[in-house]
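Numbering (the numbering used here), first residue to last: 402 to 907.
Note that beta-carbon positions come from the ideal geometry of N, C-alpha and C, so glycine has one too.
Bear in mind that the values here come from a model prediction, so they are computed numbers and not experimental data.
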Amino acid sequence: MKTNERGGKPPRRGADYQASRMRSSIAKKLNMRLFSRLIAIFLGMDVTILITVAFCLFVYSEQTGLKAARTLMEYGPPVQSAAWDDYAAVTVREYEGERVGVAPPDWLSDKFPQLLAGAARSVVIPDDIWRVSGPENAVEYRLILEQEDARYMISVSLGTFFRFFNPAMAALLAFQLIELLSRLSKDVRMVRKTLDPITELTRAAESLNAVTRQLDPEKMAALAGKIEGIDAARLDTRLAVDDTQEELKDLARAINSMLDRINESYRAQVRFVSDASHELRTPIAVIQGYANLLDRWGKTDEKTLQESINAIKEEAANMKELVEQLLFLARGDNNTIILQPETFSALELLEEVASETRMIDPSHKFVVREGTGDTAFVHADRSLLKQALRIMVDNAVKYTDTGGIISFAAVCDGDVVRLSVTDTGIGISPENIRRVFDRFYRADESRARATGGAGLGLSIARWIATRHKGFVEILSREGIGTRVSIVLPLAEAPEPFSEPAEGQVV
402 MKTNERGGKP PRRGADYQAS RMRSSIAKKL NMRLFSRLIA IFLGMDVTIL ITVAFCLFVY
462 SEQTGLKAAR TLMEYGPPVQ SAAWDDYAAV TVREYEGERV GVAPPDWLSD KFPQLLAGAA
522 RSVVIPDDIW RVSGPENAVE YRLILEQEDA RYMISVSLGT FFRFFNPAMA ALLAFQLIEL
582 LSRLSKDVRM VRKTLDPITE LTRAAESLNA VTRQLDPEKM AALAGKIEGI DAARLDTRLA
642 VDDTQEELKD LARAINSMLD RINESYRAQV RFVSDASHEL RTPIAVIQGY ANLLDRWGKT
702 DEKTLQESIN AIKEEAANMK ELVEQLLFLA RGDNNTIILQ PETFSALELL EEVASETRMI
762 DPSHKFVVRE GTGDTAFVHA DRSLLKQALR IMVDNAVKYT DTGGIISFAA VCDGDVVRLS
822 VTDTGIGISP ENIRRVFDRF YRADESRARA TGGAGLGLSI ARWIATRHKG FVEILSREGI
882 GTRVSIVLPL AEAPEPFSEP AEGQVV
């Protein structure tokens with residue numbers, strides 16, 4: 402380790418200072434944006450409240466003024482009739498001054514009651530509106546109304562409203578101010594904590610340029626390879642930087658590639674969670690509906706009871722299948738499924754799947770085609786490959802009408818083996834065939850829902866094929882049928898087992 406002239410460690414100002422400065426700059430910008438957004442939210446809330454209150458007060462004042470005007474026309478001024486006893490917040494008096502206020506324009510006057518169409522309106526606000534103590538210091542809505550040879554002023558007092566509104570608004574503003582101040586300190590800590598990974602990455606990058614000696618090319622390649630190995634399933638991987646070099650182009654490209662994979666994985670995860678929630682919502686709603694049906698009528702009606710039990714069992718089975726598929730895909734994404742490969746005949750596996758399917762589905766005809774299957778051997782996990790074939794058969798059954806033919810074939814093609822399932826069903830349109838491997842995607846939504854499909858089968862089949870260094874190919878024409886094939890590397894045939902000769906030591 403290098404030391405300074407006094408025998409101490411050299412100051413590490415470059416990396417720490419650069420990281421701190423960058424984090425401070427980003428933190429300030431984020432804090433200001435969060436603070437400005439919160440201020441904008443509070444201002445928008447306050448303005449909305451004030452506009453709503455103003456509109457409601459305007460409607461209330463107009464209605465009260467109209468009622469007072471009608472009473473004035475019918476009974477005269479307040480001194481002449483007891484009909485004014487109910488108008489505690491309204492003052493009506495003759496007015497001899499100039500006409501003050503704003504009257505509605507001609508194009509708007511027809512929207513007002515005819516009695517007040519030509520009245521001049523004004524609002525009188527006291528000098529200190531926040532210290533409303535009595536009617537003499539209240540906000541008033543005034544209408545100057547001309548009737549025959551007299552002019553009257555109708556004043557609607559709003560003091561009672563503001564006596565309650567002002568403290569409430571002051572409390573709201575105080576709460577918003579306290580929230581702004583508290584959030585300011587909370588957001589600072591949150592942003593700084595969020596930026597800690599960036600700070601660590603900056604320190605690592607700065608440390609690569611702080612050392613003068615060149616990094617060994619093998620270590621640089623290993624460093625870039627380690628970053629390349631970080632994906633959505635291994636986000637806990639960290640960099641251990643011991644040495645450095647001047648050129649970091651490979652490292653930068655690896656980081657960019659990693660960020661692209663992280664972004665793609667994040668979007669896929671969000672879409673996956675959303676789709677899974679949507680798929681689980683339907684069976685839960687059905688079960689809840691039949692549970693309510695049981696609670697209401699099923700206690701005495703045996704037919705309703707049995708129908709509800711059958712429906713609940715069916716939906717529970719669908720949910721179980723969906724959850725199992727989700728768990729399989731989750732384990733597959735996390736690379737926690739361990740393969741147990743063995744060498745076996747692809748044709749025998751197809752015959753086994755066909756035989757089992759015939760027993761549970763007598764409505765279709767299942768045929769194993771003869772070909773080059775006798776020499777078609779694969780080295781794979783037999784149970785997983787069988788699961789993929791069953792998925793293909795289930796899809797063929799769902800989209801093939803009763804009496805249709807579903808055929809199996811194992812064909813050697815060079816150094817690969819094609820395990821195919823062909824149906825005579827409805828086929829897949831060209832625009833849908835590009836998306837059949839997307840999770841939760843269904844080419845025929847109504848038919849898939851009626852048969853209980855969740856749109857995960859081909860995603861699982863493709864994952865199984867990929868883990869065996871193979872792939873899935875689809876050939877389909879609408880109205881003719883579909884052929885789905887799993888293509889795997891051809892394996893050598895296992896040596897036949899022979900009984901040891903008499904006296905031979907095994």
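Just to check my reading of the structure: residue i and residue j have Cβ atoms closer than 8 Å, yes? What is that Cβ distance to the nearest angstrom?
i	j	result
V837	I829	7 Å
S394	E874	Nothing can be reported for residue 394, as the shown portion of the chain is limited to 402 through 907.
A862	I792	5 Å
A455	I555	Incorrect: roughly 19 Å between the Cβ atoms, too far for contact.
G805	D824	6 Å
I787	V754	Inspection of the sequence shows that residue 787 is occupied by Lys rather than by Ile. With 8 Å as the limit, K787 and V754 qualify as a contact, their Cβ atoms being about 6 Å apart.
F778	A866	The Cβ separation is near 17 Å, so there is no contact.
State the Cα-Cα distance for the pair residue i and residue j, rounded to the nearest angstrom.
i	j	result
T453	E879	59 Å
E832	E743	38 Å
I713	R593	51 Å
L578	N736	50 Å
I881	K721	33 Å
R770	E725	32 Å
N711	E703	12 Å
R835	H780	29 Å
F576	V674	37 Å
L353	S678	Because the chain here runs from 402 to 907, residue 353 falls outside it and cannot be looked at.
A571	S666	48 Å
Q515	Q464	13 Å
M474	S462	18 Å
A490	C457	16 Å
V448	G498	35 Å
L585	N693	49 Å
R500	F562	27 Å
P506	I685	60 Å
S523	L546	12 Å
R783	N796	20 Å
F459	F443	24 Å
Name the two residues that bound the continuous alpha helix (DSSP H) containing residue i.
i	result
P763	Unbroken run through P763: none, as it is neither H nor E.
R868	G858 to R868
D507	D507 to S510
Secondary structure at residue i, three-state DSSP: helix, strand or coil?
i	result
F459	helix
E743	strand
D782	strand
Y842	coil
Y800	coil
A686	helix
D824	strand
E753	helix
I806	strand
E495	strand
E896	coil
I875	strand
A811	strand
V448	helix
I738	coil
R819	strand
V501	coil
V769	strand
G477	coil
F729	helix
P514	coil
Is it buried or exposed for residue i, if we count other Cβ within 10 angstroms and need 16 for buried?
i	result
R494	exposed
A747	buried
Y476	exposed
P763	exposed
F767	buried
D550	exposed
L517	buried
L544	buried
R392	A query on residue 392 cannot be resolved here, the shown segment of the chain reaching from 402 to 907 and no further.
Y800	buried
V822	buried
A441	exposed
I807	buried
Which residue marks the beginning of the beta strand (DSSP E) containing residue i, and which one marks its end?
i	result
P890	G882 to P890
I834	Note, I834: premise wrong, no beta strand (DSSP E); alpha helix (DSSP H) at P831 to I834.
Q548	E541 to Q548
I555	A551 to S558
R522	A521 to V525
Given 6 Å as the limit, tell me if residue i has its C-beta closer than that to any heavy atom belonging to the ligand ADP.
i	result
E475	Annotation note on the ligand ADP: not contained in the displayed structure, which lists no ligands.
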